[in-house]
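Residue numbers (our numbering): 346 to 731.
What follows is a set of notes on a single structure, which appears directly below.
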Amino acid sequence: MIPYGRQDISQTDIDAVVGVLQSDFLTQGPKVPLFEKVVAYKVGAKHALAVNSATSALHVACMALGLGQGDWLWTTPVTFVASANCGLYCGAKVDFVDIDPHTYNLCPRALEARLVDAEHNGKLPKVLVAVHLCGQPCEMQAIYELSLRFGFKIIEDASHAIGGKYQGEYIGNCRYSDITVFSFHPVKIITTAEGGMAVTNNDLLAEKMNLYRSHGVTRDQSLMTHDSDGPWYYQQIALGYNYRMTELQAALGISQMERLDAFVSRRHQLAQQYDILLENFPVIRPFQHQDSYSGLHLYVIRLNLDKCARSHREVFEGLRAHGIGVNLHYIPVHTQPYYQKMGFKQGDFPEAECYYSEAISLPMYQGLSDKEQLDVVEALRKLTRT
Ligand SMILES: *Cc1c(COP(=O)(O)O)cnc(C)c1O
């Protein structure tokens with residue numbers, strides 16, 4: 346089976362992890378702060394906080410921004426459930442803004458219309474999670490300008506997007522956001538097995554996320570309510586979690602970061618080849634916004650069903666039957682049973698639902714060979730031919 350995504354592990358990566366196993370620290374040692382430094386430097390952010398998943402990073406980001414009961418978090422329906430669940434973890438309510446039919450990202454025009462309404466109803470969001478679907482950045486400048494006008498905070502969910510650029514600068518510099526979050530799950534661009542990171546330029550947000558990722562406990566005298574009792578002393582000053590990343594994960598992450606740019610350029614090469622190979626197929630190829638250099642976590646095609654011999658489901662099942670592990674990113678979150686119980690209905694976000702009825706994620710990862718890519722294209726040709 347050719348998967349849709351897969352990690353790339355070198356001997357150097359393996360040696361880095363083994364080195365940690367033979368060292369004094371399996372957790373809470375020197376590798377985590379070094380990994381944070383490497384990522385912060387690369388993306389151009391002041392602070393980086395490593396955690397055990399992007400889901401945890403989204404949670405501590407929402408907590409740091411003060412999201413709580415009575416607040417609203419808005420995001421796109423076309424994302425992994427974690428981008429919305431982080432709001433629920435904090436006791437906030439969640440709503441969605443429909444996607445742009447070209448970029449498949451949250452549409453700034455739809456956002457503006459919804460904000461104008463929300464202002465009248467007194468239901469403005471406190472936090473917006475902007476998801477860079479497939480690695481293509483959202484139109485961040487437009488979203489940022491709306492945040493100034495309507496007073497909400499912005500988290501970039503860049504789980505798909507490390508190594509990508511917006512307006513010529515690495516995603517993660519937080520020029521147009523408060524916090525950016527990355528995922529290092531094995532299907533993503535670089536991996537630490539499980540793992541995530543939150544980056545920010547704001548000292549206070551960094552301090553808060555640092556507390557929340559480790560029990561709300563501090564050893565920093567300046568944060569304590571009174572003088573230390575002695576060298577053993579720590580204080581719990583907030584309610585946090587154990588969301589720490591291990592040294593093994595951080596060592597793998599540091600090693601993977603060496604190849605980040607190479608990974609993303611291989612993904613671009615594969616995307617260019619797909620673009621050419623699929624030119625006369627009854628499919629819509631991914632549109633790339635002129636402001637963006639995508640991380641290209643995913644290569645999503647949409648079937649032009651009027652010109653296609655088979656249904657969306659038949660093409661999908663046919664590809665799987667040919668040993669091609671295609672996938673579908675994503676089932677719109679508002680159609681999940683858990684969200685339907687909160688009152689969302691089929692039909693609430695038509696662009697997202699239309700996308701879902703046509704989209705297929707083709708294999709896209711650094712280790713995909715040109716030969717395997719041709720096999721994918723050949724299988725798709727057979728299945729879509731009229
Ligand atoms: C993968 C992913 C997450 C969650 O990442 P984990 O590291 O697995 O917790 C969140 N948001 C998006 C958009 C993702 O793709």
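Backbone N, C-alpha and C define an ideal beta-carbon position, used for all residues, glycine too.
- For Arg658, the closest of Gly688, Ile621 and Ser706 by C-alpha to C-alpha distance is Ser706.
- By the Cβ criterion, the segment 680-691 is not in contact with the segment 583-597, since fewer than three pairs of Cβ atoms, one from each stretch, lie closer than 8 Å.
- Assigned with DSSP and collapsed to three states, His392 falls in strand.
- The DSSP assignment places complete beta strand (DSSP E) segments of no fewer than 3 residues inside the segment 401-434 at 417-420, in order along the chain.
- The continuous stretches of beta strand (DSSP E) do not include Ala607, which lies in the alpha helix (DSSP H) extending over residues Leu605 to Leu622.
- Contact between Ser504 and Lys471 fails: their C-beta atoms lie close to 21 Å from each other, not under 8 Å.
- Listed by position along the chain, the residues with Cβ atoms less than 6 Å from a non-hydrogen atom of ligand 1 are Ser398, Ala399, Thr400, Thr424, Phe425, Ala427, Ser428, Val476, Asp502, Ser504, His505, Ser528, His530 and Gly541.
- Taking a C-beta distance under 7 Å as the contact criterion, Tyr349 and Pro708 qualify as a contact pair.
- Short of 6 Å from the beta carbon of Ser528, and not among the five residues preceding or following it, lie these beta carbons of its own chain, in chain order: Ala399, Ser504 and Gly541.
- Here the C-alpha atom of Ile500 lies approximately 22 Å from the C-alpha atom of Pro531.
- Distance check between Tyr434 and each of Val671, Thr729 and Tyr586 places Tyr586 closest, using alpha-carbon atoms only.
- The bridge partners DSSP lists for Pro348 are Gly670.
- Within the segment 541-587, the runs of beta strand (DSSP E) at least 3 residues long that lie entirely inside it are, in chain order, 541-545.
- In terms of Cα proximity to Arg665, the closest of Leu725, Leu643 and Phe694 is Leu725.
- Per DSSP, the unbroken alpha helix (DSSP H) holding Arg726 starts and ends at Asp715 to Thr729.
- Ile599: member of the alpha helix (DSSP H) spanning Glu592 to Met602, first to last residue.
- Ala538 sits in coil when the DSSP states are folded into three classes, being neither helix nor strand.
- Per the coordinates, the alpha-carbon of Gln718 lies some 31 Å from the alpha-carbon of Cys452.
- Excluding five sequence positions before and after Arg655, the CB atoms of its chain that fall closer than 8 Å to its own CB belong to Gly663, Leu728 and Thr729, given in chain order.
- In the structure shown, the three-state DSSP call for Leu491 is helix.
- Assigned with DSSP and collapsed to three states, Val645 falls in strand.
- In the structure shown, Leu460 adopts helical secondary structure according to DSSP, grouped into three states.
- In this structure, the beta-carbon distance from Gly389 to Tyr515 falls below 7 Å.
- The beta carbon of Asn518 is closer than 7 Å to those of Val388, Gly389 and Ala390 in its chain, skipping five residues each way along the sequence.
- Distance from the Cα of Thr563 is smallest, within the candidate group Thr372, Ala551, Leu549 and Ala583, for Ala583.
- Nearest Cα to Tyr644 within the set Tyr638, Leu615 and Phe661: Leu615.
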